[in-house]
Amino acid sequence: MHLFRKICGTVILLLLPLAAVAQYTSAEEKDLTVAERNALQGFNDTIDRLAEDFVTVSLMVADPTDMTQDYLGVTGHAFLRLQCPTFNLDYCFSYESEKIKGQLWDYLTGKLRMGMFGIHTDEYIEDYRHWHRAVHEYRINMPPEAEQRLWEQMDNHMLAEQDMQMNLIKFGCTNTLLRYVERALRPDTIHYIWPEKFYTQTAMEIAEDHLADYPWTALGLRLTTGNEISHLKTLKQKVIFPTDLCEVWSKATINGEPLLEYVGDIVEAPPVVPRKTWFTPQICGILLLIFAVGGVIGAIIRRRKS
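Position in the sequence shown (from 1) plus 174 gives the number in the working numbering.
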């Protein structure tokens, strides 16, 4: 943990100039030379901090994991990758939580913790290589000022949100990324073309479709967070799964250009095939009903004999 905080502190110190850049991006200053613009901002180097490739932002989408590895990974995972080649920075920012597997009672009683972490990309994706989970990278088309605002914003979340009570709705990996990117883009806005299901289905119906192969997980979701999910009414609030965010952003545009551009797979692996179970909650309910009816009939028979 000490090493992690040291790394985070180094990243933030290196990125402090990036946060300042957003204050000096008027149309007149953009017409200045790099040296003139840097002089206005207090820099004495020739680094063009408003270059398109000074900071790059990617949406990373990991394939689902097998339920035997991680209960929360069965619908995949979404996180951001931020790179600044000039300073040799390459970090993934992700909401991470304690595992439910082996701590189910703590999860049900609200004792598990979560937080936002920034980890070097090579280190972060090692787990996905170990789990044989493919990770797909999509470049997000953002103006240079917005990219730098987003990095500053993610640093702030990382410092303030490292030890929180687990809340998969409020701090879900998907809906938070949508909000953070939109916030960094302002005053630019994303033009959405929404898939039909977001108009016709409730958030819970969308969730149950994603969890069709995991009926017990779907039941657990309904029991633990069903009330919160039922309050998700707007189109954007219903984007709570990584593949949905990827689908929505793939159809979206910003300033007339596509918002997402597929880059490639940073981790390659075959798709996970869900292990379907015959013992579903419905089967369990039917068996319990049969046992209950059998018990009543047995009691009646014994009573008549006596």
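The beta-carbon is built from N, C-alpha and C at its ideal position, and this holds for glycine as well. Bear in mind the structure is a predicted one, so any value in this text is a computation, not a measurement.
When secondary structure is reduced to three states using DSSP, residue 328 falls in the helix class. The residue among 412, 314, 272 and 291 with its C-alpha nearest the C-alpha of residue 374 is 412. Going by beta carbons, residue 433 and residue 364 fall inside the 7 Å limit. Annotated three-state conformation of residue 449 is coil, per DSSP. Exclusion of the five residues before and after residue 386 leaves 392 as the residues of its chain whose Cβ lies within less than 8 Å of its Cβ. For residue 411, the three-state secondary structure derived from DSSP is helix.
When C-alpha distances from residue 357 are compared across 477, 298 and 321, the shortest belongs to 321. Straight across, the Cα-Cα distance linking residue 438 with residue 310 is about 6 Å. Selection 472, 258, 287 and 355 evaluated against residue 252 yields 355 as nearest (Cα-Cα). Ranking 233, 239, 248 and 258 by CA distance to the CA of residue 225 puts 258 first. By the neighbour-count definition (other C-beta atoms within 10 Å, threshold 16), residue 444 is an exposed residue. Taking a cut-off of 8 Å on C-beta distances, the region 295-308 does not touch the region 346-354, as fewer than three cross pairs fall below it.
Taking the Cα of residue 273 as reference, the smallest distance to any Cα among 264, 265 and 284 is reached at 284. In this structure, the beta-carbon distance from residue 239 to residue 247 falls below 7 Å.
Residue 381 and residue 478 have their C-alpha atoms roughly 50 Å apart. Contact between residue 235 and residue 420 holds, since their C-beta atoms are separated by about 5 Å, short of 8 Å. Looking at the DSSP output, residue 295 sits in no beta bridge, so it has no partner there. Linking residue 305 to residue 474 through their CA atoms gives a straight-line distance of about 54 Å. Annotation for residue 480: no alpha helix (DSSP H) segment contains it, and DSSP assigns it neither H nor E. Exposure of residue 452 is indicated by the presence of fewer than 16 other C-beta atoms within 10 angstroms of its C-beta.
Judged by beta-carbon spacing, residue 416 lies within the 7 Å limit of residue 250, meaning their Cβ atoms are closer than that value. With a beta-carbon spacing of about 11 Å, residue 424 and residue 314 fall beyond the 8 Å limit used to define contacts. Take residue 332, set aside five residues on each side of it, and the residues of its chain with a beta-carbon closer than 7 Å to its own are 182, 267, 290, 291 and 292, in chain order. Counted as a single uninterrupted DSSP element, the beta strand (DSSP E) harbouring residue 309 occupies residues 309-314. In chain order, 343 place their CB closer than 6 Å to the CB of residue 402, counting only its own chain and leaving out the 5 sequence neighbours on each side. DSSP, reduced to helix, strand and coil, places residue 459 within a helical segment of the structure shown.
Taking C-beta atoms as the reference points, residue 287 and residue 337 count as a pair closer than 7 Å.
Taking all protein chains shown into account, residue 418 has 16 or more neighbouring C-beta atoms within 10 Å of its C-beta and is therefore buried. For secondary structure counted as the beta strand (DSSP E) over 3 or more consecutive residues, the region 370-446 holds these complete runs in sequence order: 434-441. Taking 7 Å as the cut-off, the beta carbon of residue 312 is found closer than this to the beta carbon of residue 436.
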